[in-house]
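Notes follow the structure.
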Amino acid sequence: MGSDTFEPVDVVVVGAGNAAACAALAAREGGASVLMIDAAPESQAGGNTRYTAGAMRVVFNGVEDLVQLMPDLTEDERTNVNFGTYTDQQYFDDMARVTQYRADPDLVELLVRNSFPTMVWMQEKGVRFQPSYGRQAFKVDGKFTFWGGLAVEAWGGGEGLVELEHKACRRDGIRVVYGAAGQSLVTDQHGTITGIRIRHDGQVHEVATKAVVLAAGGFQANAEWRARYLGTNWDLAKVRGTKYNTGAGIRMALDLGAMPYGHWSGSHAVAWDLNAPPFGDLAVGDGFQKHSYPLGIMVNARGERFVDEGADFRNYTYAKYGAVILNQPDMFAWQIFDAKVLDLLRDEYRIREVTRVRADSLEELVTKLEGVDPQQCLETIKAYNAAVQTDVPFNPAIKDGRGTPGISFPKTNWANTLDTGPYEAYAVTCGITFTFGGLKVSTGCEVLDTTETPIGGLFACGELVGGLFYHNYPGGTGLVAGSVFGKIAGASAARAVR
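The numbering of the sequence shown is the working numbering, which starts it at 21 and goes up by one.
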């Protein structure tokens, strides 16, 4: 590393995931010199973004908008794929509904109004997008039909997104230093940022700077903070992504008197393979997730169902069901499917690293579900089968209303009898993605102190911004929020420097 690595710079961005890269690119576009640091070594850099599938929830009013994001769409795709639309009103409604009307309205307004123009800007910077066929579309009458408002994903998933963003950063003259962890912020007597202390190669460097953008993720990889803020047994949850998101950015800001904000006891947590490693594995990516539960049922150790698997599209339930699984006896569940839906299961069910059992009869299957009361499980399945409204047509691309009224945790949609072998079951536990509590920011992404006054020269974006998500989360919103607030934070930092 050259001697100029930690020379004075206009803006330091702490983190190197999607939000951080967008902040760095926007600050550079605003005329600032920029240093971007990542606590991880280069092979693991890019924060949680590297571990995502890359889904992006963006406003679009038809295929013409999508062509601006995906100019590679073929004529056949433009005419023969039912992408649908996702209007700003739908986005507002989804954000309000899934967060139980708690989301900060100013932040939601910024997210929704800026989602499409920000992604156009990213595309101009060299980021590529593609249709999300594998996860967000079913074939209906031979035609791909998108559901749940999610039609776009980053090309190459999270890995591809980070690769293209870092390539754009290098092209624009942004210095990126890996294995460099932000430790503390330096201020003058007025409380304005004048520098940041960075630990790199066993030494602490104090870098003079006029602005810092914190984009270092939530505190999901910090077991102590999880237990402290999320509650009992959360220290035992598996972490879906990077082990480097320990809340360091949040802590640095709180040390300066920043205001804690948002749902500090809430998080994005999903059904995750029972035997996945404690932290994310880049070789597997998000393949440990198991999100086709709306097509089957989930049972706990008592052999009982404990949730409405068909309450809503997967996009609107998956981020809260991890917490429900964590609260079950011994913190696990089994997802059960029969042969009628096996070909509809998402790609993640076909990876090598999977905890799966298979049987030709239900009587055999329940004996293979490790940790489960087999007799009670068989009774649960029989009661469920008897309640399925078989006269209602099954359609996975819409809320089909095919339910199981009259039983405990009645299933609302997509109920199929489990009566056709072979049967498959998958063991899952809780995998935490990111935490919802964080820092309060202005609409310019300035970090606010406890009197709601901006801390001079300090900005934030990404997972460590509080106030956007409560209880739950609409799928694909995290990356877009990172991009939108990253771009705003970077532009605000460049203006502050000027």
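We put the beta carbon where it would ideally sit given N, CA and C, even for glycine.
Because the structure is a prediction, the values reported are computed rather than measured.
Whole runs of the beta strand (DSSP E) within the segment 180–216, excluding any shorter than 3 residues: The beta strand (DSSP E) runs lying completely inside the segment 180–216 and spanning 3 residues or more are 195–198, 200–207, given in chain order.
Start-to-end residues for the beta strand (DSSP E) that takes in tryptophan 354: Reading the sequence shown from its first residue, position 334 is the one you call residue 354. For tryptophan 354, the uninterrupted beta strand (DSSP E) run begins and ends at 353–357, by DSSP.
Backbone secondary structure at tyrosine 493 - three-state DSSP: Counting from one through the sequence shown, the residue named residue 493 turns up at place 473. Looking at tyrosine 493 - three-state DSSP - the assignment turns out to be coil, as it is neither helix nor strand.
Buried/exposed call for tyrosine 121, threshold 16 Cβ in 10 Å: Reading the sequence shown from its first residue, position 101 is the one you call residue 121. Classification of tyrosine 121: exposed, given that the 10 Å Cβ count is below 16.
Supposed close pair tyrosine 106, glycine 169 - CB separation, criterion 8 Å: By one-based count along the sequence shown, residue 106 stands at place 86. By one-based count along the sequence shown, residue 169 stands at place 149. Contact holds; Cβ gap of about 4 Å.
Three-state secondary structure (DSSP) of tryptophan 434: Sequence index remark: in the sequence shown, residue 434 carries index 414 (1-based). Three-state result, tryptophan 434: coil.
Rounded separation between leucine 364 and glycine 305 - CA only: In the sequence shown, counting from the first residue as 1, residue 364 sits at position 344. In the sequence shown, counting from the first residue as 1, residue 305 sits at position 285. Rounded to the nearest angstrom, the two C-alpha atoms are 21 Å apart.
Member of Val140, Met115, Val29, Ala39 whose CA lies at the smallest distance from the CA of glutamate 84: By one-based count along the sequence shown, residue 84 stands at place 64. Out of Val140, Met115, Val29, Ala39, Val140 has the C-alpha closest to the C-alpha of glutamate 84.
Nearest residue (CA-CA) to threonine 453, options Asn405, Phe239, Arg334, Asp469: As a position in the sequence shown, residue 453 is number 433, starting the count at 1. The residue with the shortest Cα to Cα distance from threonine 453 is Phe239.
Rounded straight-line distance, which links the Cα of phenylalanine 429 to that of leucine 382: To locate residue 382, count along the sequence shown from 1; it is residue 362. To locate residue 429, count along the sequence shown from 1; it is residue 409. Taking the straight line from one Cα to the other gives about 21 Å.
Serine 23 versus histidine 225: straight-line alpha-carbon distance, rounded: For the purposes of this step, residue 23 is taken as the residue at position 3 of the sequence shown. For the purposes of this step, residue 225 is taken as the residue at position 205 of the sequence shown. The pLDDT assigned to serine 23 is 47, lower than 50, so where the model puts this residue is not dependable; a value taken from the coordinates is nonetheless given after this. Approximately 11 Å, taken between the alpha carbons.
Sequence ranges, alpha helix (DSSP H) only - wholly within the segment 264–347, length at least 4: With a minimum length of 4 residues, the continuous alpha helix (DSSP H) runs that stay inside the segment 264–347 are 268–274, 338–346.
Exposed unless 16 or more other CB atoms sit within 10 angstroms - verdict on alanine 228: As a working mapping, residue 228 is identified with position 208 in the sequence shown. Around the beta-carbon of alanine 228, fewer than 16 other beta-carbon atoms lie within 10 Å, marking it exposed.
Minimum length 3: unbroken beta strand (DSSP E) runs contained in the segment 359–395: Runs of beta strand (DSSP E) with 3 or more residues, each lying fully within the segment 359–395, are found at 376–379, listed in chain order.
Status (buried if at least 16 other CB within 10 Å, exposed otherwise) for threonine 471: Position 451 of the sequence shown holds residue 471. Exposed, since its Cβ has fewer than 16 Cβ neighbours within 10 Å.
Of the listed residues Ile213, Asn102, Ala514, nearest to aspartate 161 (C-alpha basis): By 1-based counting over the sequence shown, the position of residue 161 is 141. Per the Cα distances, Asn102.
Start and end residues, beta strand (DSSP E) containing glutamine 223: Residue 223 sits at position 203 when you count from the first residue of the sequence shown. Boundaries of the beta strand (DSSP E) around glutamine 223: 223–234.
Local conformation of alanine 501 per DSSP, three classes: Your numbering for residue 501 matches position 481 in the sequence shown. Alanine 501: helix per DSSP, three-state reduction.
Any 3 or more C-beta pairs closer than 8 Å across the segment 58–73 and the segment 181–201: With the cut-off at 8 Å, the segment 58–73 and the segment 181–201 touch.
C-alpha gap between serine 204 and aspartate 255, whole angstroms: Start at 1 with the first residue of the sequence shown, and residue 204 comes out as number 184. Start at 1 with the first residue of the sequence shown, and residue 255 comes out as number 235. Between the alpha carbons of serine 204 and aspartate 255 lies a gap of roughly 25 Å.
Stretch-stretch touch, CB-based, cutoff 8 Å, three pairs: the segment 39–56 with the segment 271–287: Three or more Cβ pairs closer than 8 Å define a contact, and the segment 39–56 falls short of that threshold against the segment 271–287.
Cβ neighbour criterion (16 or more within 10 Å) applied to proline 413: Position 393 of the sequence shown, counted from the start, is the residue given in the question as residue 413. It counts as exposed.
Residue of Val374, Gly477, Thr410, Leu484 minimising C-alpha distance to valine 32: Taking the sequence shown and counting its residues from 1, one reaches residue 32 at position 12. Of the listed residues, the one whose Cα sits closest to valine 32 is Gly477.
Inter-residue spacing [alpha-carbon to alpha-carbon] between glycine 506 and isoleucine 317: Mapped onto the sequence shown, residue 506 falls at position 486. Mapped onto the sequence shown, residue 317 falls at position 297. In a straight line, the C-alpha of glycine 506 is about 39 Å away from that of isoleucine 317.
Pick from Arg217, Ile218, Gly269, Ala339 that is closest to asparagine 492, judged by C-alpha positions: Taking the sequence shown and counting its residues from 1, one reaches residue 492 at position 472. The closest CA to that of asparagine 492, considering only Arg217, Ile218, Gly269, Ala339, is found on Ala339.
For glycine 168, the three-state DSSP class (helix, strand or coil): As a first step, residue 168 must be located in the sequence shown, where it is residue number 148. Three-state result, glycine 168: coil.
From Arg366, Ala174, Phe333, residue whose alpha carbon lies closest to that of glycine 495: Start at 1 with the first residue of the sequence shown, and residue 495 comes out as number 475. Of the candidates Arg366, Ala174, Phe333, the one whose C-alpha sits nearest the C-alpha of glycine 495 is Phe333.
Local conformation of alanine 247 per DSSP, three classes: Within the sequence shown, residue 247 is the residue found at index 227, counting from 1. Looking at alanine 247 - three-state DSSP - the assignment turns out to be helix.
Spatially closest choice to arginine 515 from Ala406, Ala445, Val233, by CA coordinates: Within the sequence shown, numbered from 1, the residue matching residue 515 stands at position 495. Checking every option, the nearest Cα to that of arginine 515 belongs to Val233.
Cβ pair threonine 432, valine 408 closer than 8 Å: If you number the sequence shown from 1, residue 432 lands on position 412. If you number the sequence shown from 1, residue 408 lands on position 388. No.
Sufficient close CB pairs (3 or more, under 8 Å) joining the segment 348–359 to the segment 375–395: Three or more Cβ pairs drawn from the segment 348–359 and the segment 375–395 lie within less than 8 Å of each other, which places the two stretches in contact.
Selected residue, minimal CA-CA separation from threonine 497, among Thr463, Phe456, Ser462: Counting from one through the sequence shown, the residue named residue 497 turns up at place 477. Checked all of Thr463, Phe456, Ser462; the closest Cα to threonine 497 is Phe456.
Serine 135 versus alanine 511: straight-line alpha-carbon distance, rounded: In the sequence shown, the residue the question calls residue 135 occupies position 115. In the sequence shown, the residue the question calls residue 511 occupies position 491. Straight-line Cα distance between these residues: approximately 16 Å.
Identity of the residues DSSP links to proline 474 by a beta bridge: To locate residue 474, count along the sequence shown from 1; it is residue 454. Answer is Leu468, bridged to proline 474.
Limits of the unbroken beta strand (DSSP E) element including tyrosine 446: Numbered from its first residue, the sequence shown carries residue 446 at position 426. For tyrosine 446, the uninterrupted beta strand (DSSP E) segment begins and ends at 443–455.
Buried versus exposed call for arginine 378 [16 or more other C-beta atoms within 10 Å across all chains shown]: The count along the sequence shown starts at 1 and reaches residue 378 at position 358. That one is exposed.
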